[in-house]
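In full-length UniProt numbering, the protein residues as written are 1 to 158.
From the three backbone atoms N, C-alpha and C, an ideal C-beta is built for every residue, glycine too.
Let me begin by presenting the structure, written as structure tokens, before commenting on it.
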Amino acid sequence: MISFRNISRKDISKVSNLRMLLLNNPNSHYGSNNVEELNTIQNAFCDWLKINIENTNINIVISMNDEGVLTSMGIGIIDNRAPIKGSLSGKVGWISSLIVHPDFQNNGLGKETLAHLIEWFSEKSVNKITLQSTEHGEKLYEKMGFNKSIENTFIKEC
Numbered sequence: 001m002i003s004f005r006n007i008s009r010k011d012i013s014k015v016s017n018l019r020m021l022l023l024n025n026p027n028s029h030y031g032s033n034n035v036e037e038l039n040t041i042q043n044a045f046c047d048w049l050k051i052n053i054e055n056t057n058i059n060i061v062i063s064m065n066d067e068g069v070l071t072s073m074g075i076g077i078i079d080n081r082a083p084i085k086g087s088l089s090g091k092v093g094w095i096s097s098l099i100v101h102p103d104f105q106n107n108g109l110g111k112e113t114l115a116h117l118i119e120w121f122s123e124k125s126v127n128k129i130t131l132q133s134t135e136h137g138e139k140l141y142e143k144m145g146f147n148k149s150i151e152n153t154f155i156k157e158c
């Protein structure tokens with residue numbers, strides 16, 4: 001059986017390791033195939049988790065099976081932006097690192113993890129949610145009511 005809950009400090013290592021499956025990808029702006037760079041990113045992510053685990057504008061949801069294997073994770077972040085269409089309060093949700101462990105994919109875990117994040121955003125009165133997707137995740141997001149933006153994303157590393 002799979003159960004969902006919010007991350008705790010004892011989960012940080014497992015969550016960090018699962019996220020590295022996503023980041024070990026040189027074809028994305030956030031990924032790399034350089035082991036040293038990936039280790040630096042992983043250490044920084046662990047530090048970020050320790051700092052933000054209690055942040056009420058961040059929700060890190062995980063799922064585990066009965067054996068204690070981390071099966072999925074997703075991070076929801078609330079940004080406070082200038083008011084826009086669909087969010088006059090300026091509260092906009094950002095979904096980051098929605099990942100299902102490869103051994104557990106195609107069983108609805110991505111959909112269920114995403115549903116937990118959407119519910120949390122709703123409870124926080126967030127009316128607009130944004131995310132970036134890999135090609136692999138596009139169909140899920142479309143099924144869950146997300147629309148592909150016509151805007152392009154530009155990234156500059158400083």
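Three-state class that DSSP yields for residue i in the structure shown
i, result
"V15", "helix"
"N6", "strand"
"D103", "helix"
"L98", "strand"
"T71", "strand"
"M144", "coil"
"V35", "helix"
"S63", "strand"
"N127", "coil"
"I41", "helix"
"N80", "strand"
"G90", "coil"
"I58", "strand"
"C158", "coil"
"G108", "coil"
8 Å CB neighbourhood of residue i in its chain, flanking five on each side removed
i, result
"L49", "I7, I12, V15, S16, I60"
Cut-off 7 Å between Cβ atoms - residues of its own chain near residue i, not counting five sequence neighbours on either side
i, result
"N152", "none"
"I99", "L18, R19, L21, L22, S72, M73"
"L117", "N59, V61, G74, G76, I95"
"D79", "V92, W94"
"D103", "none"
CB contact flag (residue i, residue j, <8 Å)
i, j, result
"I95", "I62", "no"
"N65", "I2", "yes"
"N24", "L38", "yes"
"R9", "I51", "no"
"S89", "S32", "no"
"I150", "H29", "no"
Rounded Cβ spacing between residue i and residue j (contact assumed at less than 8 Å)
i, j, result
"F4", "E123", "Wrong, their Cβ atoms sit about 15 Å apart, outside the cutoff."
"R81", "V92", "5 Å"
"L114", "M144", "6 Å"
Cβ shell of residue i (< 6 Å), same chain only, five flanking positions each side left out
i, result
"Y141", "S133"
"residue 187", "Nothing in the structure corresponds to residue 187, since the chain is present only between 1 and 158."
"K148", "none"
Q. Do the segment 66–77 and the segment 34–42 touch if we need at least three Cβ pairs shorter than 8 Å?
A. no
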